[in-house]
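Read through the structure below, which is laid out as structure tokens, and then see the notes.
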Amino acid sequence: MKRNQWIFLFVTVWASILMVAPAAGAGPKVIKLGHFAPASITFPGEGLVPNVLVMKGYIEGASGGSLQVEIHPNAALGSVRPMIELTQAGVIQMTIPYTSIMVPFMAEMGVTQIPFLFKDNLAALRVMNGPLGDELADLWLKKTGTRVLSWPEGAGFRQLYTKNKLIKSPADLKGLKIRVPENPGLLALFSALGAKTVTVTWTELYTALQTGVADGAETELASADATKLFEVMRTATILNHAWNLQPVLINEKFFQSLTPQEKMIVIRGVEMGTLAQNGFNRAVEDAVVQKNKKAGVEFYYPNDAEMDQFRKIGQKAYLDTLSKSVSKEWIDKTFKAVAKAEEDTAKRYQAKMK
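Under my numbering, residues 164 to 517 are what the sequence shown spells out, in order.
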């Protein structure tokens with residue numbers, strides 16, 4: 164059976180389970196939201212969870228109960244890609260994926276993970292809430308039939324971890340087996356830095372590190388902590404080499420079926436949730452570092468000269484790969500958007516210093 168036939172069968176089955184056509188005036192409008200994170204908040208933990216709970220509370224409260232958000236956590240409706248497809252088909256109304264899964268739907272999303280693109284989280288969020296984010300959202304809507312309601316970050320920047328060798332420069336990576344997800348750009352990045360890339364699945368990573376199949380890995384601080392990777396990886400380099408997004412998506416046909424007042428409530432609720440997620444992530448990152456320092460993990464923060472070495476080698480390798488699927492125009496406008504955001508930020512801060 165071809166892949167498209169499998170998708171059709173999958174969507175049809177879920178439609179029979181989830182889609183209940185309400186009679187006119189029969190009750191509240193139900194927004195089914197599927198995501199991959201846990202159902203309840205833990206700290207340190209996944210920022211997506213407070214996002215969803217805050218969003219749900221606001222939408223239901225502000226609508227007086229006429230809108231209800233039905234949450235399906237823990238990938239109960241399938242993995243991330245199928246949940247995007249379910250949202251496209253209107254079987255569910257909303258989902259929250261992450262960048263690398265969005266790239267197969269729209270290659271241009273890869274510009275947001277260009278290594279060392281953003282100075283910090285603040286710079287990244289300013290760019291995504293500006294014209295570049297709007298253009299990406301418009302293109303995503305045209306290509307997928309789902310609307311990006313907001314651009315909350317994932318779990319922050321990705322970092323580099325090793326079992327027992329502290330990485331201070333690209334030369335320190337030579338010959339080390341580093342687990343990298345099956346993302347062509349990230350694989351190119353670490354290969355260029357001198358590592359031997361290993362693509363074991365996420366669920367097998369802990370064992371791979373224990374047995375020597377991998378010498379290290381790269382992921383977000385919260386993800387490494389949640390899966391207890393710090394038990395087997397004892398050194399961490401805060402490289403901030405790639406940033407991740409977890410956009411809130413809604414089926415466009417459903418969104419347009421809402422009244423103007425309902426649309427406004429949904430948009431405001433999503434923005435409230437986004438604020439919760441981004442703030443939660445900052446607190447989680449600090450908590451993870453402090454927790455694991457106490458447990459004996461060594462954290463290293465490269466100086467400017469060391470970061471320049473990583474950037475010079477790694478960014479070019481990623482861009483060479485990205486340019487095979489994304490136009491030069493998109494790459495150029497991304498760098499211009501970052502420069503403009505930094506310029507505007509500097510002007511605002513300077514004005515506050517007077």
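Built from N, CA and C at the ideal position, the CB exists for glycine as well.
Quantities reported herein were computed from a predicted structural model and do not represent experimental measurements.
Here Asn403 has Phe320 as same chain residues with Cβ atoms under 6 Å from its own Cβ, once five neighbours each way along the sequence are excluded.
When the beta-carbon positions are compared, Thr374 and Lys328 stay at least 9 Å from each other.
Taking 8 Å as the upper bound for CB-CB distance, Leu408 and Thr275 are in contact here, some 6 Å apart.
Rounded to the nearest whole angstrom, the CA to CA distance from Met265 to Lys195 is 20 Å. C-alpha of Phe462 to C-alpha of Asn237: approximately 31 Å in a straight line. Within its own chain, the residues whose Cβ lies closer than 8 Å to the Cβ of Ala351, once the five positions on either side in sequence are excluded, are Ala480, Tyr481, Asp483, Thr484, listed in chain order. Within the same chain, Cβ atoms closer than 6 Å to the Cβ of His235 are found at Gly197, the five residues on either side in sequence being excluded. In this structure, Ile247 lies near Thr258, with their beta-carbon atoms less than 9 Å apart.
When DSSP states are grouped into helix, strand and coil, Ser229 belongs to the coil group. One thing to note: Gln251 has its Cβ within 9 Å of the Cβ of Asn414.
By the Cβ neighbour-count rule, Asp378 is buried, with 16 or more other Cβ atoms within 10 Å of its own. No Cβ-Cβ contact shorter than 9 Å links Gly442 with Val411. Apart from sequence neighbours up to five positions away, the residues of its chain that approach Phe417 with a beta-carbon distance below 7 Å are Gly253, Gln256, ordered along the chain.
Secondary structure within the region 263 to 305: the alpha helix (DSSP H) runs of 4 or more consecutive residues, fully enclosed, are 284 to 291 (chain order). Each residue's CA atom was taken as its position, placing Asp467 and Ile428 some 44 Å apart. For the set Gly293, Leu240, Lys456, the Cα lying nearest the Cα of Asp507 is the one of Gly293. Of Ser386, Ser420, Val489, the smallest CA-CA separation from Ala450 is found for Ser386.
DSSP places Gln322 within a strand segment (E or B) once states are collapsed to three. Contact between Leu356 and Gly273 fails: their C-beta atoms lie close to 19 Å from each other, not under 8 Å.
In terms of Cα proximity to Val452, the closest of Tyr324, Leu302, Lys219, Asn284 is Tyr324.
Residue state for Ser242 is assigned as coil, using DSSP reduced to three classes.
Val447 and Ala202 have their alpha carbons spaced roughly 17 Å apart.
Residue ranges of uninterrupted beta strand (DSSP E) with 3 or more members, entirely inside the region 337 to 401 and ordered along the chain, are 340 to 342, 359 to 361, 379 to 383. DSSP places Glu415 in the uninterrupted alpha helix (DSSP H) bounded by 415 to 420.
Annotated as distal: Val311 and Arg342, with beta-carbon spacing of 9 Å or more. Counting along the chain, Lys195 sits inside the beta strand (DSSP E) bounded by residues 192 to 197. Of the candidates Val217, Met218, Ser229, Ala200, the residue whose Cα lies closest to the Cα of Leu421 is Ser229.
In the structure shown, the three-state DSSP call for Tyr221 is helix.
The alpha carbon of Arg511 has as its nearest neighbour, out of Asp388, Arg289, Gln419, Lys340, the alpha carbon of Arg289.
Ala502 and Leu295 do not touch by the CB rule: their CB atoms are close to 11 Å apart, not below 8 Å. Here the C-alpha atom of Phe268 lies approximately 15 Å from the C-alpha atom of Ser242.
According to the DSSP secondary-structure assignment, Ser313 is paired through a beta bridge with Val411. A distance below 7 Å between beta-carbons, with the five flanking residues on each side excluded, links Glu367 to no residue of its chain.
Residue burial is scored here from C-beta neighbours: Met396 has at least 16 other C-beta atoms within 10 angstroms and is therefore classed as buried. Only residues of its own chain outside the window of five on either side were considered, and among them Lys359, Val361, Ala377, Asp378 have a CB closer than 6 Å to the CB of Lys340, listed in chain order. Taking the CA atoms as reference points, Ile330 sits about 11 Å from Gln322.
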